[in-house]
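Below: the structure, in structure tokens.
There are 6 protein chains.
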Amino acid sequence: MNFKLYKSSFLCATEDYINSKVVLAGVPMDFTVSFKPGSRFGPSKIREVSVGLEEYSVYQNKNLFNKVFYDMGDLELPFGNVDRCINMIFEFGKKVFKDDKIPIFLGGEHLISFPLIKAAKETYDDLVVLHFDAHADMRDDYMGEKLSHATVMRRVGEEIGFKNLYQFGIRSGSEEEISFAKENGHVFFIYEIERFFEVLSELQNKSVYLSIDIDVVDPAFAPGTGTPEPGGLTSMQLIDIILKMEKLNIIGADIVEVSPYYDISDRTTLLAAKIIRELVLLVD
Amino acid sequence: MNFKLYKSSFLCATEDYINSKVVLAGVPMDFTVSFKPGSRFGPSKIREVSVGLEEYSVYQNKNLFNKVFYDMGDLELPFGNVDRCINMIFEFGKKVFKDDKIPIFLGGEHLISFPLIKAAKETYDDLVVLHFDAHADMRDDYMGEKLSHATVMRRVGEEIGFKNLYQFGIRSGSEEEISFAKENGHVFFIYEIERFFEVLSELQNKSVYLSIDIDVVDPAFAPGTGTPEPGGLTSMQLIDIILKMEKLNIIGADIVEVSPYYDISDRTTLLAAKIIRELVLLVD
Amino acid sequence: MNFKLYKSSFLCATEDYINSKVVLAGVPMDFTVSFKPGSRFGPSKIREVSVGLEEYSVYQNKNLFNKVFYDMGDLELPFGNVDRCINMIFEFGKKVFKDDKIPIFLGGEHLISFPLIKAAKETYDDLVVLHFDAHADMRDDYMGEKLSHATVMRRVGEEIGFKNLYQFGIRSGSEEEISFAKENGHVFFIYEIERFFEVLSELQNKSVYLSIDIDVVDPAFAPGTGTPEPGGLTSMQLIDIILKMEKLNIIGADIVEVSPYYDISDRTTLLAAKIIRELVLLVD
Amino acid sequence: MNFKLYKSSFLCATEDYINSKVVLAGVPMDFTVSFKPGSRFGPSKIREVSVGLEEYSVYQNKNLFNKVFYDMGDLELPFGNVDRCINMIFEFGKKVFKDDKIPIFLGGEHLISFPLIKAAKETYDDLVVLHFDAHADMRDDYMGEKLSHATVMRRVGEEIGFKNLYQFGIRSGSEEEISFAKENGHVFFIYEIERFFEVLSELQNKSVYLSIDIDVVDPAFAPGTGTPEPGGLTSMQLIDIILKMEKLNIIGADIVEVSPYYDISDRTTLLAAKIIRELVLLVD
Amino acid sequence: MNFKLYKSSFLCATEDYINSKVVLAGVPMDFTVSFKPGSRFGPSKIREVSVGLEEYSVYQNKNLFNKVFYDMGDLELPFGNVDRCINMIFEFGKKVFKDDKIPIFLGGEHLISFPLIKAAKETYDDLVVLHFDAHADMRDDYMGEKLSHATVMRRVGEEIGFKNLYQFGIRSGSEEEISFAKENGHVFFIYEIERFFEVLSELQNKSVYLSIDIDVVDPAFAPGTGTPEPGGLTSMQLIDIILKMEKLNIIGADIVEVSPYYDISDRTTLLAAKIIRELVLLVD
Amino acid sequence: MNFKLYKSSFLCATEDYINSKVVLAGVPMDFTVSFKPGSRFGPSKIREVSVGLEEYSVYQNKNLFNKVFYDMGDLELPFGNVDRCINMIFEFGKKVFKDDKIPIFLGGEHLISFPLIKAAKETYDDLVVLHFDAHADMRDDYMGEKLSHATVMRRVGEEIGFKNLYQFGIRSGSEEEISFAKENGHVFFIYEIERFFEVLSELQNKSVYLSIDIDVVDPAFAPGTGTPEPGGLTSMQLIDIILKMEKLNIIGADIVEVSPYYDISDRTTLLAAKIIRELVLLVD
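Protein chains in written order, with this note's numbering: chain A, 23 to 306; chain B, 23 to 306; chain C, 23 to 306; chain D, 23 to 306; chain E, 23 to 306; chain F, 23 to 306.
Listed below in structure tokens is the structure:
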């Protein structure tokens with residue numbers, strides 16, 4: 023007779039940090055969000071539903087069983103204390119990058135990308151950020167707060183240089199932040215998504231950090247998120263885009279704003295899990 | 023310290039009727055529907071979720087903050103009395119058109135389009151109706167009733183002439199009503215949606231009333247409606263179609279059959295709100 | 023005054039077995055599934071929501087009112103006894119095919135296709151199976167069980183010869199089953215869906231049994247299923263594919279894994295009902 | 023092999039009108055309601071879930087299999103035409119009472135009780151009405167309409183004399199209607215529910231029409247209703263009250279405002295079905 | 023013709039601060055919660071559903087139309103900054119109490135009670151706190167944070183003296199906090215709820231601040247909350263307890279942890295609205 | 023920095039089988055059920071939500087931290103093969119009882135109780151079964167199958183003698199099974215629940231196996247179950263009954279038919295988890 027406890031790590035992840043090139047880590051912070059909170063439950067639910075997927079990918083004809091990758095679980099964070107959280111996430115990020123891992127972070131809200139990218143920058147001097155999102159997240163402050171899910175890419179740009187920030191799928195923003203993005207960074211609107219394939223070559227020789235806000239996908243495909251914005255990518259388009267990154271030097275990634283309670287069908291978490299599987303197979 | 027009551031008007035709508043070219047008004051009638059009622063809650067929920075959108079449109083590079091438009095709230099209607107309702111809606115429509123406004127009506131069920139279009143006809147002699155819907159709504163009567171959500175476009179055609187009625191996205195109807203529509207009007211099935219772009223030029227010099235039944239969109243993108251019909255437009259297709267209307271002389275519009283209780287993700291109301299934002303920016 | 027009991031048969035189905043070429047039958051078995059059960063409620067809910075559709079198809083310009091077809095209701099099966107169920111389904115299938123009917127079976131789980139196809143094979147020696155699914159279902163056994171929803175197409179292939187099995191829309195499987203499928207059958211992945219139109223001509227002169235697992239459609243369009251897999255067809259794509267089959271000699275079909283409890287919008291059952299309507303109009 | 027179509031009549035109801043003392047009939051009108059519509063789906067869903075109950079009652083030690091009762095199905099009503107509906111319901115009620123049946127009507131909204139009770143009065147001169155509800159429903163008009171779900175008991179009282187109206191479970195009303203009810207009828211608030219047992223003897227020799235608005239039960243037990251009002255009866259209390267009526271001469275009953283879409287657990291419809299079973303066993 | 027915007031203030035609340043004895047204010051902070059966030063939407067949803075209640079109470083035979091009370095709307099708070107929030111709430115509380123109002127605060131999470139009670143203490147030296155909750159909330163810190171929804175009553179006790187804290191309905195806590203509560207305060211477990219009526223007289227001559235965490239009610243009656251704990255009060259019991267407070271000198275109150283997204287039936291918000299109506303009628 | 027993977031064992035359960043008196047084990051079989059399947063997800067979800075409870079019980083003033091108990095995880099069972107499952111469960115049960123453990127089994131459907139009780143009987147000759155359920159489960163067969171969730175207590179009675187079977191909370195059954203139960207066993211209907219306290223003394227010196235079908239609780243409190251039956255216990259009543267068992271010699275227990283997908287509030291699984299906590303504290 024066999025017994026098992028319900029999957030609490032992602033698919034066939036090991037517990038071997040040393041020998042793993044790719045590491046997964048949950049960062050379940052969600053308290054600066056301005057609309058519907060709940061992404062703190064993202065990482066655990068993504069792991070839970072991953073049992074519904076295969077380890078093998080028909081897209082890449084590769085198998086997770088042939089990879090050694092590590093699922094660290096979730097970082098324990100103090101609820102409601104933004105500064106302590108940001109600091110802990112930064113310290114954690116620094117260590118993982120110094121250890122020469124390729125981390126995939128599971129949010130949590132988008133603000134977590136700021137300390138993580140800042141940490142990556144300490145290791146990778148030629149860092150560029152590839153950002154998929156419905157929202158530009160380029161405000162300078164939000165209700166007087168500099169650190170917010172709505173300001174995260176402004177902070178990121180200040181850290182890495184706005185010319186190193188590439189944004190795709192954008193379909194929402196204030197006039198000011200969109201102007202700022204156009205002038206200072208590389209912002210591509212949802213109706214320009216095909217231009218991603220042009221930009222790919224520009225990124226070829228850089229260290230790329232990939233940040234995916236799940237709301238870049240249309241809420242038909244990913245209803246489980248806090249600020250759904252109609253008119254986005256299909257699941258298939260996002261999968262296709264990811265697969266096209268195989269030549270890039272991805273040094274880390276995050277997938278954020280997955281909020282399981284708003285999707286009883288679990289298709290949002292399943293999509294996130296599938297993207298993570300493809301990324302693990304792609305980057306390692 | 024600032025206090026606010028939850029948004030009860032649409033985005034940054036003013037309370038200035040006189041100086042507004044565009045006016046919004048809810049018409050929360052939903053009692054002739056044959057399947058799932060509930061669109062009476064459409065207007066208030068569309069206003070409520072509009073807080074999740076920006077005033078600025080990346081599609082048109084225009085900003086609602088630069089517009090003066092007015093949100094009248096909802097017309098108060100006697101539940102269950104069709105005749106009194108139709109009459110009140112007609113009188114209201116007449117006044118708004120006479121005042122030279124461009125109204126955008128928020129349904130409510132589709133039957134409201136009949137008195138509204140009849141009212142528009144009193145002001146605009148060259149009126150054509152541009153109708154997006156999954157259903158033809160061209161029955162002569164429904165269970166003996168002449169005024170029903172299923173007969174609305176038949177009544178409209180009788181009022182404005184069937185040759186002035188253009189229907190798009192249709193994928194459901196009885197054999198009789200489809201025959202009638204083919205012979206008398208301009209009916210384009212869902213698989214002919216591309217022909218809309220051809221027809222655009224025909225409409226260029228007319229006064230156009232736009233009537234959008236949200237179920238023209240596939241229920242994956244707009245599950246919150248009373249008679250969902252699989253196989254429809256994507257959100258992005260509908261947004262694209264709207265943006266293509268910028269050269270038209272739109273003199274009024276409605277968006278109907280949004281039924282919030284059947285969509286816990288709010289993506290149907292968010293899509294409706296987004297379309298309304300684009301329309302306000304487009305027509306004024 | 024008229025009274026009616028809620029639709030319990032599919033649209034305008036008759037009770038005349040003798041004169042019906044097409045017969046519908048529910049096969050509400052769902053107990054070998056490995057993830058979310060519930061497809062036993064599929065057939066009754068598909069009938070119930072069919073009231074929301076028209077008998078007339080705008081796609082084919084044909085009307086069910088002009089057809090004589092029979093809805094047998096659901097086969098009564100003993101819960102939990104796989105062997106007895108499989109046997110009863112097989113005996114039933116044999117009779118229907120011997121009676122020269124074109125049956126459309128409503129699942130229930132995918133395992134029901136095995137006894138049904140085996141039954142078809144007794145009548146049709148040149149049988150080929152056209153299979154639409156997200157999953158290959160080609161495992162040899164599942165947790166030691168040879169008869170399972172995950173092994174059904176392996177059993178089918180053993181029965182009819184793997185060269186007579188054509189699979190489309192596949193995007194999930196273990197490495198072993200995908201290898202097996204590639205070597206022995208005809209497996210087309212989701213990103214090769216366009217190749218269906220090439221394969222059509224190969225099938226022209228064969229007796230074709232069509233097996234549709236509703237999860238071939240993306241969970242955005244069909245969330246009501248037990249093992250949703252993101253990245254699938256749209257509703258419109260599946261409808262289009264079905265319509266393209268009009269030249270084929272379809273001798274039977276099933277539509278399985280529709281699980282109504284996971285979709286409060288009913289769009290999954292509505293899609294299934296629409297496909298059934300199109301099939302009845304197509305095959306007869 | 024046995025086949026069955028999903029239950030479309032209530033439990034083991036027959037199709038024999040002549041020999042049935044008790045008859046069930048659905049009256050799916052719901053368009054004068056002021057808050058959430060949807061009770062039109064009540065009758066069909068109550069029948070559907072009745073398959074989850076036994077024909078035998080442990081409370082009364084009686085078995086429906088030993089009764090001959092008839093389920094007529096639903097009266098077909100024109101959506102949106104209140105006057106025609108009221109008239110049709112009245113004519114139907116008259117016939118059933120004249121035929122010496124004991125009808126149990128399944129709503130639909132509460133307004134249906136008015137024509138039904140008016141019809142009962144034509145046959146039963148000593149009619150009293152026993153009314154269970156959270157709301158007094160005693161307004162004189164509602165937004166100018168005399169016929170509304172909020173005025174139904176005022177209309178009933180005018181028809182049968184307010185002294186023949188007994189209301190229980192009331193916990194909501196305007197000051198005016200409660201004053202009116204206190205002065206003219208017999209109104210018992212929710213905290214006086216025990217007084218029902220006192221009143222029972224007063225009713226012993228009368229012809230009693232029983233009208234149950236499901237919202238008399240607390241929304242914890244019956245969330246599937248349009249105007250839930252916290253602080254009501256438990257399911258067990260209502261069942262107990264019904265069982266205590268066995269000495270009464272109940273000549274007809276209705277159970278209204280069951281709105282299945284607001285209760286995914288089906289416990290509201292199951293409770294309604296259980297009450298109907300107990301009533302059939304009690305009155306015949 | 024009348025138009026109205028959807029109710030955005032509570033029932034018939036005025037906009038007259040000066041002449042109102044009772045004032046309502048929303049405090050939509052929810053970011054220190056350890057389980058399911060979402061109570062930020064409590065105040066606006068409570069106002070929205072209040073339209074489903076009457077202004078008149080059958081329990082007290084009193085009418086809100088005869089009261090002048092003010093609904094301030096929601097305090098605007100910076101998301102994610104606990105210290106700034108606590109400070110803003112404290113300053114706001116101080117002003118209201120100094121202005122000699124009886125405020126009723128709508129949460130938001132339970133932590134808001136700490137600055138509000140601290141503010142009350144500045145005006146009322148004889149302050150006692152009456153606390154209804156499933157959880158003791160008496161931890162000294164939570165993951166190193168002193169200010170948390172799980173520590174709120176410890177902070178309150180430190181401020182007002184633990185002997186002035188009365189807790190009822192408690193059925194969850196760590197061994198340490200329960201020990202602390204027993205030794206230092208007055209803690210009554212759910213199975214001792216009857217003792218509330220004894221304690222009433224002790225409180226007669228004090229200034230009483232009432233703090234109600236909606237989860238004191240069983241999740242059957244109030245599923246819309248972040249940390250549901252089975253085995254609680256019924257709605258009717260809580261209403262009854264409130265009504266028994268009519269002799270107390272209540273100087274302020276809050277009702278917290280109402281999280282509308284977890285309750286599609288709205289019965290949690292309706293219960294909260296009903297309690298608020300009874301409190302306004304009771305205290306003024 | 024601390025990391026954790028989401029709780030996959032019940033509260034503070036250890037992994038030490040040898041030194042644990044109490045052991046928990048999931049038995050996620052659910053395929054003989056006649057209505058809504060889904061209890062296979064019960065055990066894992068009960069563990070997941072247990073994180074929302076405290077280890078300390080205010081009812082018993084005892085702490086799980088002071089207990090050594092073991093959570094074995096879920097028994098891996100072949101989907102759809104009843105005979106193999108029953109046999110595996112029986113073998114597993116035998117081992118646990120022989121090892122002198124007090125097991126608490128988490129269903130899964132009710133049929134699992136049969137092999138478990140049969141296994142208990144091999145160790146405990148004086149075995150009595152204490153059964154809480156809405157349904158008698160005393161049919162001799164169900165659609166020809168002897169092993170079914172609807173026959174489980176008939177099979178149990180045959181194994182242990184019907185005089186050793188005590189059933190409480192029953193409110194549903196066929197006339198035949200209720201007659202059989204009355205004549206042969208001890209059946210107490212829901213309205214006789216108080217008699218449990220009388221019966222307690224009869225059971226004092228026996229080896230008691232406790233079997234709780236969660237549907238004994240009213241669906242208001244436990245909507246997450248496959249065959250809800252209105253008119254049941256409150257959560258508080260069931261907790262109170264459990265606490266009263268402290269003098270009994272409970273040698274094993276199961277809690278079955280918890281089906282998480284039908285309850286988005288999680289209150290059913292939370293209630294189950296709370297009962298398990300109380301049982302662990304009670305029996306050891």
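Ideal Cβ positions, reconstructed from N, Cα and C, are used throughout, including at glycine. Small disclaimer: the values here were computed from a predicted structure and weren't measured.
- Within its own chain, the residues whose Cβ lies closer than 8 Å to the Cβ of V238/F, once the five positions on either side in sequence are excluded, are F154, D155, A156, F190, G191, G254, L255 and L260, listed in chain order.
- Per DSSP, D276/E is one residue of the beta strand (DSSP E) stretching across N271 to V278.
- Taking a 10 Å sphere around the C-beta of K58/E, we find 16 or more other C-beta atoms and assign the residue as buried.
- I264/E is not a Cβ neighbour of V230/E, given a cutoff of 7 Å.
- Closer than 7 Å to the CB of K266/E there is not a single CB belonging to chain D.
- The residues T36, V90, F91, Y92 and K123, in chain order, have a CB closer than 8 Å to that of S42/D in the same chain once the five nearest residues on each side in sequence are set aside.
- The closest CA to that of I277/F, considering only E300/F, Y284/F, D121/F and D285/F, is found on E300/F.
- Contact of F25/E with chain B is assigned, a C-beta pair being separated by under 7 Å.
- With a 10 Å radius around the Cβ and a threshold of 16 neighbouring Cβ atoms, V221/B comes out exposed.
- With respect to the 7 Å criterion, V49/D and G115/D are not classified as neighbours on the basis of their beta carbons.
- In terms of beta-carbon proximity, L97/A lines the interface with chain F, with at least one pair separated by less than 7 Å.
- Beta-carbon to beta-carbon, H208/A and Y188/A are separated by about 5 Å, close enough to satisfy the 8 Å threshold.
- Distances from the CA of F25/B to each of P137/E, F25/E, K26/E and S31/E were compared; the closest alpha carbon is that of S31/E.
- Here the alpha carbons of R69/A and G95/F stand approximately 17 Å from one another.
- Per DSSP, D105/D is one residue of the alpha helix (DSSP H) stretching across V104 to K120.
- The beta strand (DSSP E) runs of length 3 or more contained entirely in the stretch 159 to 206 of chain B are, from start to end of the chain, 187 to 192.
- Against V55/F, the close residues of chain C are F101, in the order they occur along the chain (beta-carbon pairs closer than 7 Å).
- Y146/F and M175/F have their C-alpha atoms some 18 Å from each other.
- Residues of chain C whose Cβ lies closer than 7 Å to the Cβ of M258/A are, in chain order, G253.
- Under the 7 Å criterion on CB atoms, E76/B is classed as interfacial with respect to chain A.
- In terms of CA proximity to G248/C, P282/C leads the group V44/C, D262/C, E216/C and P282/C.
- I40/A is classed as exposed because its beta carbon has fewer than 16 other beta carbons within 10 Å across all chains shown.
- When rounded, the separation of the alpha-carbon atoms in K143/D and L304/D is 22 Å.
- Distance from the CA atom of E180/E to the CA atom of E113/E, rounded to whole angstroms, is 19 Å.
- Take the alpha-carbon of T54/E and the one of I215/E: they are about 29 Å apart.
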